[in-house]
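Colleague:
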Amino acid sequence: MLCVPRILAVQNKRAGRPLDEHDLADLAQDVLLLVWKKLPSFEGASALETWVYSFCYLQFMNASRRKARLRTRASDEAPAEAAADPQESGRFEELYEGVESLPPAERRVIELRLSSELTFDEIGRASDEPVSTVKSRYYKAIQRLAAFLRRRGEPAAADEQPREEAHG
Amino acid sequence: MADDERFLEDALASSPGEEPAEALEHLASSADSRERLAELRAAEAAFVEAGEDARSVLAEAEELHEAPGLDAAAELLAKQVRSVRGAQPARLMPLVAVASLVAASVMAWLLFGPSDSGGEPQDPGRVYLGPGDDPVLSHPIGAVPAYDEFRWDVELVDGQRLELMLFDLTSDPPRPLGALQEPQSSPWIPPPSLALESVERLRWTLTVVDSTGVVASSAGEAWLE
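In order, the protein sequences belong to chains C and D. Residue numbering for the first sequence follows this note's numbering, starting at 3 and increasing by one per position. Residue numbering for the second sequence follows this note's numbering, starting at 34 and increasing by one per position.
1) With a cut-off of 7 Å, does the C-beta of C/VAL12 fall near any C-beta of chain D?
2) I'd like to know if D/GLY84 contacts chain C, where contact means its C-beta is closer than 7 Å to some C-beta of that chain.
3) When the distance is taken between beta carbons, is C/LYS69 closer than 7 Å to C/LEU29?
4) Helix, strand or coil: which one does DSSP assign to C/PRO7?
5) With DSSP as the reference, label D/ALA252 as helix, strand or coil.
6) Comparing alpha-carbon positions, which option in C/LEU114, C/GLY126, C/ASN64, C/LEU72 lies nearest C/GLU99?
7) Residues in its own chain within less than 8 Å of C/PHE122 by CB, not counting five upstream and five downstream?
8) Give me the residue from D/LEU103, D/VAL177, D/GLU38 with the minimum Cα distance to D/GLU254.
9) Tell me the DSSP secondary structure of D/GLN217 in three-state form.
10) What does the alpha-carbon distance come out to for the pair D/GLU258 and C/ARG16?
11) For C/VAL33, name the three-state secondary structure that DSSP assigns.
12) Three-state secondary structure (DSSP) at C/ALA149?
13) Give me the chain D residues within the contact set of C/ARG8, using Cβ-Cβ distance strictly less than 8 Å, ordered along the chain.
14) How far does the beta strand (DSSP E) with D/ARG194 in it extend, from its first residue to its last?
15) Report yes if the C-beta distance between D/LEU202 and D/LEU229 is below 7 Å; otherwise report no.
16) According to the neighbour-count rule (16 or more other Cβ atoms, all chains shown, within 10 Å of its Cβ), is D/ILE222 buried or exposed?
17) Under 8 Å by Cβ, that's how I've got C/GLU8 and D/ALA100 pegged, so tell me the actual separation to the nearest angstrom.
18) Whole-angstrom Cβ separation of C/CYS5 and C/VAL54, contact assumed at under 8 Å?
19) What three-state label does DSSP hand D/ARG234 in the structure shown?
20) Can you give me the C-alpha to C-alpha distance between D/ARG69 and D/PRO173, rounded to a whole angstrom?
21) Mapping DSSP to helix, strand and coil, what is C/THR121?
22) So, with DSSP's three-state summary, where would you put D/LEU257?
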């Protein structure tokens, strides 16, 4: 879990350093406490760093926004000269929020497939499940995520639940 | 509708252009299915891109020796681990197991610090576990042709069990390899999924625990010849 401060430092650098060193140290502690609380749900199927990453990403984006708001309120100064395009640095935020909203079994398949780049066979072996179950979970997860993204993009879009399947 | 779902699932599980013939046939006959698959593929592509970005950040983070809050984080984790060790074991067993892994990581980082990836590995010295002066971690220690099996000698009493952690010493700080292992006896054969053949130099810690926490612990260092 000592990867947390280093992940945050890299994210901060890539985002144009919106947070200073004190902000980053505070954020690292906050994220560690959050991760610690969620540790019982970590099943060990993926690397700990991969599992921790989305927490770092989302908390970093929140902290950057808070900092930007404070800066705006505190003075009429121009935004930090090094600030990167916030849309660019936060372009995956909705994706990670979508992943957070998935049922745990589907979230695990998505993380293993798309973050750890495992094949369906490898995921099946890692989670001790038939490949057909893994593929079904993956399909449902992508359906939910597509609906999640559609809903974020178009507030009146369709239901987020995946359609029922006729086989398991 | 049931068939439609099945064909879409089969198509999505395949790489674009490699969909099963049956699914392709169905897609050719249904504009609605093609549209749905395109939407699913787009969502999938976005996550593939996010995954690539995450791997790139993690790789860069692994190279960092300094980061704001790193020392404080190590202290915080050590404190959390101590508090878990004192908690009710039955209810918190999953947390204790992961906490042990974290404790081992923190200990490795605090005790051994950033490893020097260049030069000759240090002499691992003699390693001891339990009462008496007998060295009990016997293999792998020092230069070995392969990390084929891990051997030790220790006597457990009722209620005690073993926890084994492996660390890649070529990472800075040492990176835990896989999850916390709970070997029943010596020798322990590492699963192929750990891919130890690609680890140039490793440290392994063997800890005896009971319901109150750590009873004894020892660490050994080994590297490939």
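Ideal placement from N, C-alpha and C gives every residue a C-beta, glycine not left out.
Modeller: So, from the data block:
1) If you number the first sequence from 1, residue 12 of chain C lands on position 10. True, the Cβ-Cβ gap to chain D drops below 7 Å.
2) Sequence index remark: in the second sequence, residue 84 of chain D carries index 51 (1-based). So yes, D/GLY84 belongs to the interface.
3) One-based indexing of the first sequence puts residue 29 of chain C at position 27. One-based indexing of the first sequence puts residue 69 of chain C at position 67. A distance of 7 Å or more separates the beta carbons of C/LEU29 and C/LYS69.
4) Here residue 7 of chain C refers to the residue found at position 5 of the first sequence. Secondary structure of C/PRO7 (DSSP, three-state): helix.
5) One-based indexing of the second sequence puts residue 252 of chain D at position 219. In the structure shown, D/ALA252 adopts extended strand secondary structure according to DSSP, grouped into three states.
6) As a first step, residue 99 of chain C is located in the first sequence; it is residue number 97 there, counting from the start. Distance from the Cα of C/GLU99 is smallest, within the candidate group C/LEU114, C/GLY126, C/ASN64, C/LEU72, for C/ASN64.
7) Position 120 of the first sequence, counted from the start, is the residue given in the question as residue 122 of chain C. Around C/PHE122: ARG115, VAL133, VAL136, LYS137, TYR140.
8) On the second sequence, position 221 is the one that residue 254 of chain D refers to. Checked all of D/LEU103, D/VAL177, D/GLU38; the closest Cα to D/GLU254 is D/VAL177.
9) Here residue 217 of chain D corresponds to residue number 184 of the second sequence, with the count starting at 1. DSSP, reduced to helix, strand and coil, places D/GLN217 outside both helices and strands of the structure shown, so it counts as coil.
10) Along the second sequence, one-based indexing puts residue 258 of chain D at 225. Along the first sequence, one-based indexing puts residue 16 of chain C at 14. Going by the C-alpha atoms only, they are around 40 Å apart.
11) For the purposes of this step, residue 33 of chain C is identified with residue 31 of the first sequence, where counting begins at 1. For C/VAL33, the secondary structure class from DSSP, reduced to helix, strand or coil, is helix.
12) Sequence index remark: in the first sequence, residue 149 of chain C carries index 147 (1-based). Three-state DSSP puts C/ALA149 in a helix.
13) Residue mapping note: residue 8 of chain C aligns to position 6 of the first sequence, counting from 1. Residues of chain D whose Cβ lies closer than 8 Å to the Cβ of C/ARG8 are, in chain order, ALA94, GLU95, LEU97, ALA100, LEU103.
14) Here residue 194 of chain D refers to the residue found at position 161 when the second sequence is read from its first residue. In the DSSP assignment, D/ARG194 falls within the beta strand (DSSP E) that extends over 194 to 201.
15) Start at 1 with the first residue of the second sequence, and residue 202 of chain D comes out as number 169. Start at 1 with the first residue of the second sequence, and residue 229 of chain D comes out as number 196. Going by C-beta atoms, D/LEU202 is not nearer than 7 Å to D/LEU229.
16) To locate residue 222 of chain D, count along the second sequence from 1; it is residue 189. So D/ILE222 ends up on the exposed side.
17) The residue labelled residue 8 of chain C in the question sits at position 6 within the first sequence. The residue labelled residue 100 of chain D in the question sits at position 67 within the second sequence. The question names Glu, but residue 8 of chain C is Arg in the sequence shown. C/ARG8 to D/ALA100, Cβ: 4 Å. Contact.
18) Along the first sequence, one-based indexing puts residue 5 of chain C at 3. Along the first sequence, one-based indexing puts residue 54 of chain C at 52. About 6 Å separates the beta carbon of C/CYS5 from that of C/VAL54, a gap short enough to meet the 8 Å contact definition.
19) Position 201 of the second sequence, counting from 1, holds the residue named residue 234 of chain D. Strand at D/ARG234.
20) On the second sequence, residue 69 of chain D is found 36 positions in, with the first residue counted as 1. On the second sequence, residue 173 of chain D is found 140 positions in, with the first residue counted as 1. Taking the straight line joining both Cα atoms gives about 54 Å.
21) Counting from 1 along the first sequence, the entry for residue 121 of chain C is found at position 119. Of the three classes helix, strand and coil, the one that applies to C/THR121 here is coil, per DSSP.
22) Against the second sequence, residue 257 of chain D aligns to sequence position 224. In the displayed model, D/LEU257 falls within a strand according to three-state DSSP.
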